[in-house]
Each structure stands twice: as C-alpha cells, then as structure tokens.
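What follows is a short report on a single structure.
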Amino acid sequence: MDKKQAQQMNAEMSSALFSERERFEMLFAEHWKKIAVIGIAVALVVALAFASWSFVKQKAIKATYEFADAVDAPALEKVLAANGSKIGAVAARQRLVQIYIDSKKYDDAVKHLKLIISDPNADDAVRGRATLDQALVLELNGKIKDAAAVFAKVASDVNYKTALRLEAAAAAGRLMASYDAKGAAAVLDRGSKLAPDSQLAAYHLGTVKSLQLALANGELSVKPAAKAVKPAAKAVKPAAKAAKPGKKK
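First residue of the sequence shown: 1, per our numbering; consecutive thereafter.
Below, the structure is given as structure tokens:
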C-alpha cells in the first residue's frame, strides 16, 4: 500500500468515526430529557433501597438490645409481641419457655415452643429440639399419652437427625410402657434399627436397647398408683353404761 492510499484510508476512517460521534451527539441532544429522567429514577430506586435496608437493620439492632434487656416473662412477652419475627426472637422465646417451665406454667411454655417450631428463622436443629421439649413439657404437665405421641412422631421422622430420633424413641417407649406395652416394644424396636452417626446417637441407641431389655423382662412398666388408704377402724364402742346407783336406804 503506497502513501497516497494510506492517507486516503485514514481520511475515510476519520470521517466514519466523526460521523458516528456526530450521530451520538445528535441522539443525545434529541433524547437528553428521557435519559436524564431514567438516570434520576434509577438513582432514586437505589437510594430508597439503601434507606429501607438501613432502616430494617437499625430496627433489628434495636430489637437485639431489647431482647437482651428483657429479664422476666412480662418483659419478654412485650418485646416478642413487637419483634416476634426478628432473628433474635427464637433465642428470646427459648429463655421465656424456660421461665414458664420453672414456674410450672406449662401451657404458656407449649405455646411458645410451637411458635419456635413454626419460626422461619429457626434452623432444623432448633425446631427439632423445640418439638422434643414440647413433648417433655406435656409429660411434666401430666399429659403422658400426648407426650408419648409427640415423641413417637419425632422418632419416626426421617427429617430429624439420628441422635434426636433415638432420644425421642427412648422417651416414647418409656412412657408408652405404662399403658401400651406392644406400642412401646414397636417404637423401641424401630429405634434400635437406626444406625448411629455420632457419639450422641450411639449413647441414645444404648438407652433404647436397655429399655428394650427392661421391657422384655417386665421391668419397664410404671407401677399403678397406690390404693387408697383403708378407712380407719370403726370407732371403739362407748364404754358400758355406768352402774346404776344403789337404792337409797
């Protein structure tokens, strides 16, 4: 390519580039208002999103402090009523459950355990433990069959970890032995077939097998309540009437 041809090609390229730049400038000049409006709208959306995120974060931090400051049942109830969906609510409910158990308010404890189980912020381990705790509270409240039913349900649920299922199987068998020996044997048998995957699971498996042996030997039945005390013996007959006084002389 000679010098003249090179100069001509450079001139053509410069003209093309200049034309593209001119077209862009003309396009911007014609539509600058629309471009500006779109830019402002995007900036506003970003600003609002950031403000919303900042507000939510500040509320979450405030709720965390309020959870920490609540030290008794009324205070925890109040802060949970206002912040029940916050992340710290699960831990706060666990504290409240323990307070209610200690004060023997079992119905209130079960109410908050159910809220923990349904809380989307609670992980599977927390929900599983809360379900088991619910059964324990039912047992404390004297609702033995209801407690055994919850334990048995956990023991058969493959979504729970093996250690938790074995713990539940042992508890279900222990309670069911008092009113349904066959049912107790069945739930303990199913539990004994689970393969332990941790030291804790192995420990609970040992408990299940011990209960199986005790049930087979007739040592796992709850003794019936003692019979009512016999009424006291009949009152002693009154002493014989005093002898009649002698006749007057």
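Positions of the beta carbon are idealized from the N, C-alpha and C atoms, including for glycine.
Everything numeric in this text was worked out from a predicted model, so none of it was measured.
Looking at the backbone, the Cα of A168 and that of A82 are separated by about 34 Å. Within the same chain, Cβ atoms closer than 7 Å to the Cβ of D146 are found at L138, the five residues on either side in sequence being excluded. Nearest neighbour of M176 by Cα position, chosen from T162, F151, K111, Q134, turns out to be F151.
The Cβ atoms of A163 and A201 lie closer than 7 Å to each other. DSSP places P74 inside the alpha helix (DSSP H), whose first and last residues are 73 to 83.
At a Cβ-Cβ threshold of 7 Å, L76 and A89 do not count as neighbours.
Taking 7 Å as the cut-off, the beta carbon of A135 is found no closer than this to the beta carbon of I116. Between G191 and A184, the beta carbon gap of about 11 Å keeps them out of contact (Cβ cut-off 8 Å). Inter-residue distance for L113 and N141 is about 15 Å (C-alpha atoms, whole angstroms). In the structure shown, the three-state DSSP call for V110 is helix. Cα atoms of S103 and E219: separation of roughly 33 Å, rounded to the nearest angstrom.
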